[in-house]
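See below for the structure under consideration.
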Amino acid sequence: MKPIRKKKTKLANIKKIIDRQDEIVTGRISSLNLPKFKKYVICNLRGGIGKTTIAFNLSYLLNDVLVIDTCPQGNLSYFYDSQYFSNNRTTVKDLILPYILPGLGKPSRTAKKIGATNPFFQNKNAFYIPSTSELYLLPSQLSTAINQAKTLTGSQQEEALRNILYSLKYEIDRELEENNLQHVLIDTSPFFSGATHLSWHASDALIVPVRTDQQSINSLELLIDVLENPASEFRRNMPKDGVTPKIQLVILTHCTWSTRSGARNIPNQQTKVYLEKIRDIVSRNIQHFTTDDPDNHILLLDDFLGTGRISTALSKPVTLLQAGETMRINRVKTTVNQSVEKIKAQLQFIANSII
1 MKPIRKKKTK
11 LANIKKIIDR
21 QDEIVTGRIS
31 SLNLPKFKKY
41 VICNLRGGIG
51 KTTIAFNLSY
61 LLNDVLVIDT
71 CPQGNLSYFY
81 DSQYFSNNRT
91 TVKDLILPYI
101 LPGLGKPSRT
111 AKKIGATNPF
121 FQNKNAFYIP
131 STSELYLLPS
141 QLSTAINQAK
151 TLTGSQQEEA
161 LRNILYSLKY
171 EIDRELEENN
181 LQHVLIDTSP
191 FFSGATHLSW
201 HASDALIVPV
211 RTDQQSINSL
221 ELLIDVLENP
231 ASEFRRNMPK
241 DGVTPKIQLV
251 ILTHCTWSTR
261 SGARNIPNQQ
271 TKVYLEKIRD
281 IVSRNIQHFT
291 TDDPDNHILL
301 LDDFLGTGRI
311 STALSKPVTL
321 LQAGETMRIN
331 RVKTTVNQSV
341 EKIKAQLQFI
351 ANSII
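In full-length UniProt numbering, the protein residues as written are 1 to 355.
Below you can see the structure in the form of C-alpha cells.
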C-alpha cells in the first residue's frame, strides 16, 4: 500500500499545476502572481531544450525589448537576420573584449532593430545584439583575465574583477539607455563558462527551460548547484557586491498530452513523471526562486511539432501562425495543426508572468 499512497501524494502535489494549464488555454487566468524584473537570462546547462525558441517567441510578445544572443551557434541571431554573420560587424563579443583586453575602444549603439531584417518584427520596438562563433574562445580569454586580476591586491583586485565580470551588465545598461528600452532577454549556450557566466551577472532573474527527459532534469540540478556551491566557477569569483540571480520560471518543454476521452489539457503519464520530478527539485531548492511557493514557478509548454518547424523555417513567431498553414521543409509537407492556439496561449501567459 505504501507505493500507492506515495503516488497519490505526488499527483496531489502537481494537481494545481495541471489544473492551471487548462485555465491558461481557456483564458481563465492571464498570468502568475510573480515579482517582475527587467533583465532575464534564458538558460540551462544542456542544449536542445528550447532556450532559443522561447527567447525568439518572447521577444515578439514583449515590447521595448533588447535581446542579447550569447550562444556561439547564433541560431537566435539567424532568426532575426539570416545574413547576420555578414551584416553585423559588431557583436556581443565586441562589447565584452574591451573589459578583458584593456586598450580596445568600446562600441556604442550596437543594438540592431530586428524589424529591419525580419519583416515580422516591423511594428515592434525590438532590438538585438548578434552572436559570433568567436564566443567559443571567450571562456579561455575570460579565465586568463580573471587569473590576471587575482594577481592584484586589495581594491585594485576587486575593481579589476568587477570590470571583467560586470562587462556585459555595463554594456547592456548602456544600450538600454541609448535606445530607451525597458526589457532584456539573454539567450545562452549550453555551457556555463564564458558568456553565460557574464550573463548571470547581468541578469535580474533566470528562466530555465527543461525538456521532458532525465538529462534535462539533471541539468536543472546542476544549474542550481552552480548557483549555490561556494566552489563553483560562479560563486568563487563573485565580486563583493555581487548578487546571485534567482529563478523566475522553470518551463517544462516538449510536453505531450493525454488522448483519453474527456482528458482535456491533461498531460500524459510521461509528462507527469517529469513534472513530479521538477516540482520536487523546486520545492527542495525554493530559496533559489523568486517566491516561496513551488507551484508559482512551473509551467508546461507543448511540443511544437510541425508548428515549430514552420516557425523556424520562416523565422516567424508562433503567435503569427494559423492552423492549417503548410509548407514543404526538406521536401516534406509540414502543417500547423490546431494545437497552435494552445501554444499561443501558453507563450502569452509566460510573457505576462515576467513583465
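By construction, the Cβ of each residue, glycine as well, lies at the ideal position given by its N, Cα and C atoms.
CA-to-CA distance, residue j to residue i, given in whole angstroms
i    : j    : result
L161 : N147 : 9 Å
I281 : D225 : 12 Å
E158 : D173 : 21 Å
K2   : T307 : Because K2 carries a pLDDT of 48, less than 50, the predicted location of this residue cannot be relied on, and the following value inherits that uncertainty. Distance between the alpha carbons of K2 and T307 is about 43 Å.
W200 : Y99  : 17 Å
S140 : Y170 : 21 Å
K246 : H288 : 5 Å
F85  : D292 : 43 Å
D19  : N87  : 46 Å
K39  : L62  : 12 Å
L181 : S59  : 13 Å
G324 : S219 : 36 Å
S339 : D241 : 46 Å
K8   : K15  : The predicted model places K8 with a pLDDT of 49, which falls under 50 and marks its position as unreliable, so this point remains unresolved.
S22  : K150 : The sequence shown places Asp at residue 22, rather than the Ser named in the question. Each residue's Cα considered, the two are about 53 Å apart.
I321 : P102 : Residue identity check: residue 321 is Leu in the sequence provided, not Ile. In a straight line, the C-alpha of L321 is about 47 Å away from that of P102.
K6   : I286 : Because K6 sits at a pLDDT of 46, beneath the cut-off of 50, its placement in the model cannot be relied upon, and the following sentence gives the value as read from the coordinates. Straight-line Cα distance between these residues: approximately 22 Å.
L275 : I17  : 9 Å
S258 : P119 : 37 Å
S203 : T188 : 12 Å
V184 : K333 : 36 Å
A145 : L305 : 43 Å
Q346 : I29  : 11 Å
S143 : S232 : 14 Å
Limits of the unbroken alpha helix (DSSP H) element including residue i
i    : result
V92  : 92-100
K51  : 51-61
T196 : 195-202
V226 : 214-228
Limits of the unbroken beta strand (DSSP E) element including residue i
i    : result
F85  : First-last for F85: 84-87, but that is the alpha helix (DSSP H), not the beta strand (DSSP E).
Q157 : No beta strand (DSSP E) contains Q157, which is instead part of the alpha helix (DSSP H) from 154-165.
V282 : It is not in any beta strand (DSSP E) - V282 instead sits in the alpha helix (DSSP H) that spans 269-284.
F127 : 126-129
Q346 : From DSSP, Q346 is part of no beta strand (DSSP E) but of the alpha helix (DSSP H) over 340-352.
P209 : 205-211
D303 : Note, D303: premise wrong, no beta strand (DSSP E); not H, not E.
Residue i beta carbon near the ligand MN (any heavy atom closer than 7 Å)
i    : result
V243 : In terms of ligand content, the structure shown is empty, and the ligand MN therefore cannot be addressed.
Nearest to residue i (by Cα), restricted to the options the options
i    : options                : result
K106 : I49, F121, E175        : E175
P130 : V318, A149, T70, V332  : T70
V92  : E177, V67, E23         : V67
L76  : D292, D64, T26, T132   : T132
Q215 : P190, E233, L138       : P190
N330 : N118, K15, L95, T312   : T312
T271 : D303, V65, I286        : D303
T117 : N352, L347, T334, S315 : S315
F56  : A126, Q83, F37         : A126
Whole-angstrom C-beta distance between residue j and residue i, which should lie under 8 Å
i    : j    : result
G50  : R211 : 7 Å
L299 : I354 : At roughly 11 Å, the Cβ-Cβ gap does not stay under 8 Å, so L299 and I354 are not in contact.
I217 : I278 : 7 Å
L34  : N229 : Incorrect: roughly 26 Å between the Cβ atoms, too far for contact.
T253 : N268 : Actually they do not touch by this definition, with Cβ atoms about 15 Å apart.
L104 : L95  : Going by Cβ atoms, the distance from L104 to L95 rounds to 11 Å, so no, they are not a contact pair.
Checklist line | Contact the region 161-170 vs the region 43-51: 3+ CB pairs below 8 Å | finding: no
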